[in-house]
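Residue numbers (this note's numbering): 451 to 799.
1. Could you spell out the range, first to last residue, of the alpha helix (DSSP H) harbouring residue 507?
2. Which residue's Cα is closest to the Cα of residue 718: 765, 637 and 660?
3. Under a three-way DSSP split, which group does residue 591 fall into?
4. Are there 16 or more other CB atoms within 10 angstroms of the CB of residue 598, so buried, or fewer, so exposed?
5. To the nearest angstrom, how far is the alpha carbon of residue 581 from that of residue 500?
6. In the structure shown, what three-state DSSP assignment does residue 714 receive?
7. List the whole-angstrom C-beta distance separating residue 658 from residue 508, where the pair is believed to meet the contact cut-off of C-beta under 8 Å.
8. Taking the DSSP output, what are the residues bridged to residue 491?
9. Should residue 773 go down as buried or exposed, given a rule of 16 or more other Cβ atoms within 10 Å for buried?
10. Do the region 527-538 and the region 696-716 touch if we need at least three Cβ pairs shorter than 8 Å?
11. Flag this pair as yes or no: are the beta carbons of residue 492 and residue 656 separated by less than 9 Å?
12. Would you check if there are 3 or more beta carbon pairs closer than 8 Å linking the region 749-760 to the region 668-684?
13. Can you check whether the CB of residue 536 is closer than 9 Å to the CB of residue 409?
14. As a quick exercise: from 661, 539 and 784, pick the residue whose alpha carbon is nearest that of residue 564.
15. Note the first and the last residue of the continuous beta strand (DSSP E) segment covering residue 618.
16. Pull up the distance between the alpha-carbon of residue 547 and that of residue 633, whole angstroms please.
17. For residue 490, does the count of other Cβ atoms within 10 angstroms reach 16, so buried, or fall short, so exposed?
18. Using the three-state DSSP reduction, which class does residue 726 fall into: helix, strand or coil?
19. Might you give, ordered along the chain, the residues of its own chain that have their beta carbon closer than 8 Å to the beta carbon of residue 665, omitting 5 neighbours on each side?
20. When we look at the beta-carbon of residue 519 and count the other beta-carbons within 10 Å, is it buried (16 or more) or exposed?
21. Between which two residues does the beta strand (DSSP E) carrying residue 734 extend?
22. Could you tell me which of 576, 708 and 526 sits nearest to residue 610, measuring between CA atoms?
23. Roughly how many angstroms lie between the CA atoms of residue 619 and residue 639, to the nearest whole one?
24. What span of residues does the beta strand (DSSP E) with residue 629 cover, start to end?
25. How is the alpha helix (DSSP H) around residue 485 delimited, first residue to last?
26. Tell me, to the nearest whole angstrom, how far the beta carbon of residue 561 is from that of residue 650; I am working on the premise that it is less than 8 Å.
27. Among the candidates 576, 558 and 554, whose CA atom is the shortest distance from the CA of residue 502?
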């Protein structure tokens, strides 16, 4: 497993926070989302707020996407890279009141906040952990009517955002043909509205959201896969998580060189594999039947699937998808059954 995010000599690095192992959701929890709609708390995420006159320009110099021109009605996917262009974190970023707010995997929140704070220097920007003061809720399926009680308007496009007294509502990419939204707001305001929401929609396990993210083809960097991938290896360029016209950020030269020299020979794919989510975990390596001596890829995200086994986003050599079989852990391990992503990948040179 990877070490925590590196820090400067003599600077304490927060200890990694382990994400809880979520039990396999009951079949009726998946069915609730697929047949009508449901909501779920999202304890697997942490929240970082960045405030100050230079908050936008500071993050613009650190992340893969444009925060300098981030408007009040838009959220953006972004990555935070090491100087080698490898992803330290994936983030959903938006403006919230007087701050720029970032949703990040909870096991990375403290380390990412610490590392970013090291580079503030003379910028008028301050980072704070807002996880304890906010509540994040995921909603999927036929949920628009239920949300109308908390928000005056509902976002009509992916990464469109609306605000209200109860916080921010962001539409995120659809999964399994169902609409999805993330609601993040002040804990007291969100909790006050949950009884009305629960009267209209069933509450299901947070693990269902992990499965929906995978089915949307949207990766999430967690501690198990820190510094494993250049953004294009997990389709961040396709998902709009990289702005190739913005100024420099850590690792920008590596990311740009990979894009313009046609050197991306690895991409992210969607697959199902036998096993359970507590043992089929991110970071496990994949092996091809024609080359059993060396790994051809790695699990990025995993979640229990409704029909059994584990659905996974996998980073893999493109050549390994053209013939033969791919296996988990070893060449004689469980075989992966590849499924179509919900979006097209560019043709590599």
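Idealized CB from N, CA, C, for every residue including glycine.
According to the structure shown:
1. Residue mapping note: residue 507 aligns to position 57 of the chain shown, counting from 1. Residues 505-510.
2. Numbered from its first residue, the chain shown carries residue 718 at position 268. Answer by Cα proximity: 765.
3. Counted from its first residue, the chain shown places residue 591 at position 141. It is a strand residue.
4. Residue numbering aside, residue 598 sits at position 148 when the chain shown is read from its first letter. Result: exposed.
5. Here residue 581 refers to the residue found at position 131 when the chain shown is read from its first residue. Here residue 500 refers to the residue found at position 50 when the chain shown is read from its first residue. Their backbone Cα atoms lie some 13 Å apart in a straight line.
6. By one-based count along the chain shown, residue 714 stands at place 264. Three-state result, residue 714: coil.
7. Against the chain shown, residue 658 aligns to sequence position 208. Against the chain shown, residue 508 aligns to sequence position 58. No, residue 658 and residue 508 are not in contact; Cβ-Cβ is about 35 Å, not under 8 Å.
8. The residue you call residue 491 lines up with position 41 of the chain shown. DSSP, once it has assigned bridges, lists 587 as partnering residue 491.
9. Here residue 773 refers to the residue found at position 323 of the chain shown. Under the 10 Å beta carbon count, residue 773 is surrounded by fewer than 16 other beta carbons and is classified as exposed.
10. yes
11. For this step, residue 492 is matched to residue 42 along the chain shown. For this step, residue 656 is matched to residue 206 along the chain shown. Inclusion of residue 492 and residue 656 in the CB contact set at 9 Å is warranted, their separation being smaller than that value.
12. yes
13. Any question about residue 409 goes unanswered here, given that the chain covers just 451 to 799.
14. Along the chain shown, read from residue 1 onward, the residue named residue 564 stands at position 114. Checked all of 661, 539 and 784; the closest Cα to residue 564 is 539.
15. Taking the first residue of the chain shown as position 1, residue 618 is located at position 168. Counting along the chain, the beta strand (DSSP E) containing residue 618 begins and ends at 617-625.
16. Within the chain shown, numbered from 1, the residue matching residue 547 stands at position 97. Within the chain shown, numbered from 1, the residue matching residue 633 stands at position 183. For residue 547 and residue 633, the distance between alpha carbons rounds to 15 Å.
17. If you number the chain shown from 1, residue 490 lands on position 40. A buried status is given to residue 490, since no fewer than 16 other beta-carbon atoms sit within 10 Å of its beta-carbon.
18. Residue 726 sits at position 276 when you count from the first residue of the chain shown. Here residue 726 sits in coil by DSSP.
19. Mapped onto the chain shown, residue 665 falls at position 215. These residues qualify, in order along the chain: 625, 626, 720, 761 and 792.
20. For this step, residue 519 is matched to residue 69 along the chain shown. Looking at its Cβ environment, which holds fewer than 16 other Cβ atoms inside 10 Å, residue 519 is exposed.
21. Counted from its first residue, the chain shown places residue 734 at position 284. Residue 734 -> no beta strand (DSSP E), and no H or E assigned at all.
22. In the chain shown, residue 610 corresponds to position 160, counting from 1. The shortest C-alpha separation from residue 610 is found at 526.
23. Counting from one through the chain shown, the residue named residue 619 turns up at place 169. Counting from one through the chain shown, the residue named residue 639 turns up at place 189. If you take the alpha carbons of residue 619 and residue 639, they lie about 13 Å apart.
24. Residue numbering aside, residue 629 sits at position 179 when the chain shown is read from its first letter. From DSSP, the beta strand (DSSP E) with residue 629 extends over 628-636.
25. Counted from its first residue, the chain shown places residue 485 at position 35. Secondary structure note for residue 485: its alpha helix (DSSP H) is the uninterrupted segment 477-485.
26. Within the chain shown, residue 561 is the residue found at index 111, counting from 1. Within the chain shown, residue 650 is the residue found at index 200, counting from 1. Their Cβ separation, rounded to whole angstroms, is 38 Å, which puts residue 561 and residue 650 out of contact at 8 Å.
27. Position 52 of the chain shown, counted from the first residue, corresponds to residue 502. Residue 502 has its Cα closest to that of 576, out of 576, 558 and 554.
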